[in-house]
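Since the structure comes first, as structure tokens, the remarks are kept for the end.
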Amino acid sequence: MADYIYTVSKKRFYPLSPRIEDIDIADIAHALSMIARANGHFPEFHSVAQHSIECAREALARGLGSKLSLACLLHDGAEAYMSDVTTPVKSKLADYRAYEDKLINMIYQKYIGALSDEEKQLVYQIDKDLLYHEFYAHMHIELGNKSTLKTNPDFGFRPFDEVKREYLELFRQLTQAVV
-18 MADYIYTVSK
-8 KRFYPLSPRI
2 EDIDIADIAH
12 ALSMIARANG
22 HFPEFHSVAQ
32 HSIECAREAL
42 ARGLGSKLSL
52 ACLLHDGAEA
62 YMSDVTTPVK
72 SKLADYRAYE
82 DKLINMIYQK
92 YIGALSDEEK
102 QLVYQIDKDL
112 LYHEFYAHMH
122 IELGNKSTLK
132 TNPDFGFRPF
142 DEVKREYLEL
152 FRQLTQAVV
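In terms of our numbering, the sequence shown opens at residue -18 and continues consecutively.
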């Protein structure tokens, strides 16, 4: 059994022993644009890339700057290589969480450097705020704590290639602003 996956760019990627040089933003943007939020249980497709774009735009609107906005864009990047596991299951998988944390920290390190605990908490809060609004928009379920967004996201379906392009363009813009 192989200990690697092939990415869309045809790289061998080792999710359990990743190398920073194998992380590729084009692979991340492609995969996340094809992965469904809510484990596919929303009535219409809403991608992880869309969610990440919405998080980054919310961070910008809150005045958190380019670095934290880029962290929001990248915060689910490990899912491009490891997929995702629903929260109730993931809470029981300590090894999975450790591998996921290692990979997301490596993605951050490659593109923006290490995040402080405070910065990680800000990213986490925006992620949870968007989650609440996604569930309410798609399913009329109030999941978590009600929050107010500074942005007005469109939670409707968007074509995969359009989302991928927007993700990469936002990445480019934020990366230039961080440097």
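Cβ coordinates follow ideal geometry from the N, Cα and C atoms, glycine included.
Nothing here was measured: the structure is a model prediction, and the numbers come from that model.
- Between the alpha carbons of L54 and K91 lies a gap of roughly 14 Å.
- Secondary structure of I34 (DSSP, three-state): helix.
- Its Cα nearest to that of I1, the residue L84 stands out among V66, N20 and L84.
- Apart from sequence neighbours up to five positions away, the residues of its chain that approach K131 with a beta-carbon distance below 8 Å are E39, A42 and R43, ordered along the chain.
- Beta-bridge partners assigned by DSSP to S128: none are found.
- Taking C-beta atoms as the reference points, M63 and E35 fail to come closer than 8 Å.
- For H121, the number of other beta carbons within 10 angstroms of its own is below 16, and it is reported as exposed.
- For Y(-13), the secondary structure class from DSSP, reduced to helix, strand or coil, is strand.
- Of the candidates G125, D65 and Y(-5), the residue whose Cα lies closest to the Cα of Y77 is D65.
- Within the region -9 to 19, the alpha helix (DSSP H) runs of at least 4 residues that lie entirely inside it are, in chain order, 6 to 15.
- Between the alpha carbons of H56 and H32 lies a gap of roughly 10 Å.
- Relative to G46, the option among S14, K(-8), V(-11) and I93 whose CA is nearest is I93.
- For R153, the enclosing alpha helix (DSSP H) has its first and last residue at F141 to V159.
- Look at S28 here: in three-state DSSP terms it is strand.
- Residue range T68 to K71 is occupied by the alpha helix (DSSP H) that includes V70.
- For F(-6), the CB contacts under 7 Å within the same chain, skipping 5 residues up- and downstream, are Y(-15), I(-14), T(-12), D3 and Y62 in chain order.
- Between the beta-carbon of F26 and that of A17 there is about 6 Å, and that keeps the pair under the 8 Å contact cut.
- Contact check for V29 and E60: beta-carbon distance about 6 Å, within the 8 Å limit, so the pair qualifies.
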